[in-house]
Amino acid sequence: MRLLKRHSLNKQFSYTFFLIILCSLLTLVIEIIVFSAYVIQDTKILPANHFEKIVPKIENTVSENKEKVVDVSFEEVMNNIAPREGIKYIVLNNKGKYLYGNTGIDIFPNGEVLEKEWIKRLNTKDVISNVVTKYIPIIDDNNNLIGEFVLQYKLKVTYKDKGIKDILWGILLSPFIIVVVFTIIFGRRLSKNIKEPLGILTEATEKIKNNNLDFHINYPYKNELGDAVASFEGMRVELHKTLNKQWKLEDEKNLMISAISHDLRTPLTIIKGHSEMLNDGAYKNEDRLLKYLRSIENSSDWAVGLLNDMNTLIKIENVDFKLKKEKVDIYRFIEEKVKEYEPLIQEKNIEIKVEYRVEGDIEKKVQSETDAKSQRDAGVDKPKVKKEVSMDKLRVSQVIDNIITNSIRYTPDGGRIIVSINMYHNRLKIVIKDNGNGFTNEDLKMATGKFYRGDKSRGSGAGHSGLGLYISRKLINLHGGELRIYNNENSGAVVAFTL
């Protein structure tokens with residue numbers, strides 16, 4: 001029955017039914033063969049005329065014993081001669097009265113028999129439906145009729161052993177018993193084959209109910225039950241992944257809230273401290289007033305930036321988040337972005353240089369320089385060819401803001417930042433380089449991770465959430481692009497991304 005496990009349930013039921021019928025038939029045939037071998041022996045089976053052969057012996061006994069036969073004491077002798085299971089007999093006197101016998105056969109149904117009628121049947125026999133009734137007169141020594149010996153037997157094959165009849169009846173009824181027995185046997189095996197995978201599923205269900213997903217189930221046979229187990233295992237794996245992801249998101253959410261809460265404490269403390277000092281009269285000193293107001297403004301910007309980072313992260317990690325793509329003139333877009341950083345670069349006397357490369361051709365000469373000393377407006381001399389890129393303008397703007405503000409933060413006074421725009425085969429690659437201290441080996445591994453602020457070579461990390469590069473990488477990935485960080489050959493950090 002173990003071999004049936006590999007088959008479908010339909011075939012298992014069919015094969016089980018076939019085995020029940022086959023085994024039942026084989027058992028019945030064996031029974032018949034054994035019974036036949038047993039009963040065909042001479043000592044077991046009696047021919048149809050077996051009792052007819054005994055009749056002459058009975059007649060001789062009646063003829064020889066005469067008056068003794070009508071004596072009740074002679075019954076024991078007659079019983080030894082006439083087998084009770086084969087021959088029935090009664091002894092009557094000459095008046096028709098019952099004297100003795102081994103049966104209650106009714107010879108005279110009316111209870112009265114005329115002598116002439118009695119005489120008529122003497123030495124005769126009746127045969128009705130293979131049943132023979134013979135009437136033997138009992139004559140004394142003077143040839144007087146003193147009684148009648150009536151015997152009855154059947155002309156059919158009989159068995160010497162009475163138990164053989166029971167065996168024969170058992171054989172006739174055995175097919176039903178055999179079918180029931182083999183149905184129970186094979187039914188239990190089939191039930192076990194079905195219960196095994198169901199037991200696996202039940203046990204697995206209990207484990208899941210107890211929030212245990214760290215297990216594996218397998219059923220080696222490819223049938224409906226095997227498919228059910230495999231599907232359940234697939235569901236368990238996916239559920240495990242989903243819950244792990246959910247648990248991870250919950251942990252990250254808690255970590256984010258904890259990190260942002262911790263980071264917010266600093267700017268809020270500064271704001272609160274300066275506000276208290278102003279309330280205590282520090283506002284009367286104009287220089288101190290302006291200093292505190294500038295600090296409060298910077299701290300407010302800091303807090304708002306932290307909250308914006310958290311809000312952006314929550315949005316982009318939502319499964320329903322979708323980009324709002326549109327056709328954007330990338331040259332005009334970069335030109336406008338560079339102008340936005342003018343106040344920041346003027347403060348540190350940093351130069352921003354924009355370079356263009358089109359379809360892999362040689363570099364178009366830059367021609368945008370921002371000189372903080374002369375307080376000139378930033379300008380970009382871009383190629384005349386208009387290049388449109390399909391992107392979410394707001395999100396790409398966030399990416400560039402994160403990268404360039406970091407570069408400005410970590411680029412020394414009088415330093416330089418280069419923004420390279422590469423258009424090739426309808427793909428856009430933007431590379432942003434600075435001449436600061438660059439990334440450490442740890443930064444290169446971890447900087448695009450969530451809440452990473454271990455970039456000691458690029459500052460203490462104070463004032464930012466550690467989410468900037470992580471958010472940038474996620475947004476670029478959602479555009480189908482890739483974001484990479486590495487160090488310039490000479491010095492400084494490089495952040496490059498494709499769209």
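Position 326 of the sequence shown, counted from 1, bears residue number 326 in UniProt numbering, the numbering being contiguous throughout. Even glycine gets a Cβ: it sits at the ideal position worked out from N, Cα and C.
Setting aside the 5 residues that flank it on each side, Phe51 is surrounded in the same chain by Gly86, Ile87, Tyr153, each with a C-beta closer than 6 angstroms to its C-beta; the list follows chain order.
Cβ contact annotation for Ser397 (same chain, cutoff 7 angstroms, sequence separation greater than five): Lys337, in chain order. In the three-state DSSP reduction, Val431 falls in the strand class (E or B). Our two residues, Gly147 and Asn65, have alpha carbons roughly 12 angstroms apart in a direct line. Comparing C-alpha distances from Gly234 to each of Ser258, Glu250, Ile217 shows the shortest one belongs to Ile217. With respect to the C-alpha of Tyr15, the residue from Asn123, Val62, Leu190 having the closest C-alpha is Leu190. Per DSSP, Pro343 is one residue of the alpha helix (DSSP H) stretching across 342 to 347.
In the three-state reduction of the DSSP assignment, Lys284 falls in the helix class, which pools H, G and I. For Glu351, the secondary structure class from DSSP, reduced to helix, strand or coil, is strand. Cβ-Cβ distances below 6 angstroms link Val431 to Ser420, Ala496 in the same chain, with the five nearest sequence neighbours on each side left out; the list follows chain order. Rounded to whole angstroms, the gap between the alpha carbons of Leu307 and Tyr356 is 35 angstroms. With contact defined as three or more Cβ pairs closer than 8 angstroms, the region 469 to 484 and the region 398 to 405 are in contact. The region 290 to 332 is shown to contain whole beta strand (DSSP E) runs of 3 or more residues at 326 to 329, in chain order. Within the region 384 to 429, the runs of alpha helix (DSSP H) at least 4 residues long that lie entirely inside it are, in chain order, 393 to 410. If you compare the alpha carbons of Val181, Tyr292, Ser231, Ile184 with that of Ile200, the shortest gap goes to Ser231. With a 10 Å radius around the Cβ and a threshold of 16 neighbouring Cβ atoms, His274 comes out buried.
For Glu148, DSSP records a beta bridge to Leu92, Pro137. Shortest Cα-Cα distance from Trp247 to any of Leu145, Phe176, Asn211 involves Asn211. Around the C-beta of Ser129, fewer than 16 other C-beta atoms lie within 10 Å, and the residue is accordingly described as exposed. Here DSSP, grouped into helix, strand and coil, assigns Lys222 to coil.
Using a C-beta cut-off of 8 angstroms, the region 313 to 332 makes no contact with the region 269 to 286, since fewer than three inter-stretch Cβ pairs fall below that distance. Counting of Cβ neighbours within 10 angstroms places Phe215 among the exposed residues, the total staying below 16. The C-beta distance from Gly438 to Gly415 rounds to 12 angstroms, too long to fall under 8 angstroms, and the pair is not in contact.
Within a 10 Å sphere around the beta-carbon of Tyr424 sit fewer than 16 other beta-carbons, which makes this residue exposed. Of the residues Ile330, Trp302, Asp434, Ser258, the one whose Cα lies closest to the Cα of Ile408 is Asp434.
Beta bridge pairing from DSSP links Asp126 with Thr133. 7 angstroms or more divides the Cβ of Pro197 from the Cβ of Leu239. Distance check between Val72 and each of Asn93, Lys253, Asp287 places Asn93 closest, using alpha-carbon atoms only. In the DSSP assignment, the residues bridged to Phe497 are Ile430, Leu483.
For Tyr98, no alpha helix (DSSP H) run applies; the uninterrupted beta strand (DSSP E) run containing it begins and ends at 98 to 101, by DSSP.
DSSP lists Met423 as the beta-bridge partner residues of Val358. The beta carbon of Leu28 sits closer than 7 angstroms to those of Ser174, Pro175, Ile178, all from its chain and outside the five residues before and after it, given in chain order. Within a 10 Å sphere around the beta-carbon of Lys95 sit fewer than 16 other beta-carbons, which makes this residue exposed. A check of alpha carbon separations from Phe17 across Lys125, Arg121, Gly187 identifies Gly187 as the nearest. Under the 10 Å beta carbon count, Asn406 is surrounded by 16 or more other beta carbons and is classified as buried. Of all alpha-carbon atoms in Pro412, Ile185, Lys387, Lys241, the one lying nearest the alpha-carbon of Ala493 is that of Pro412.
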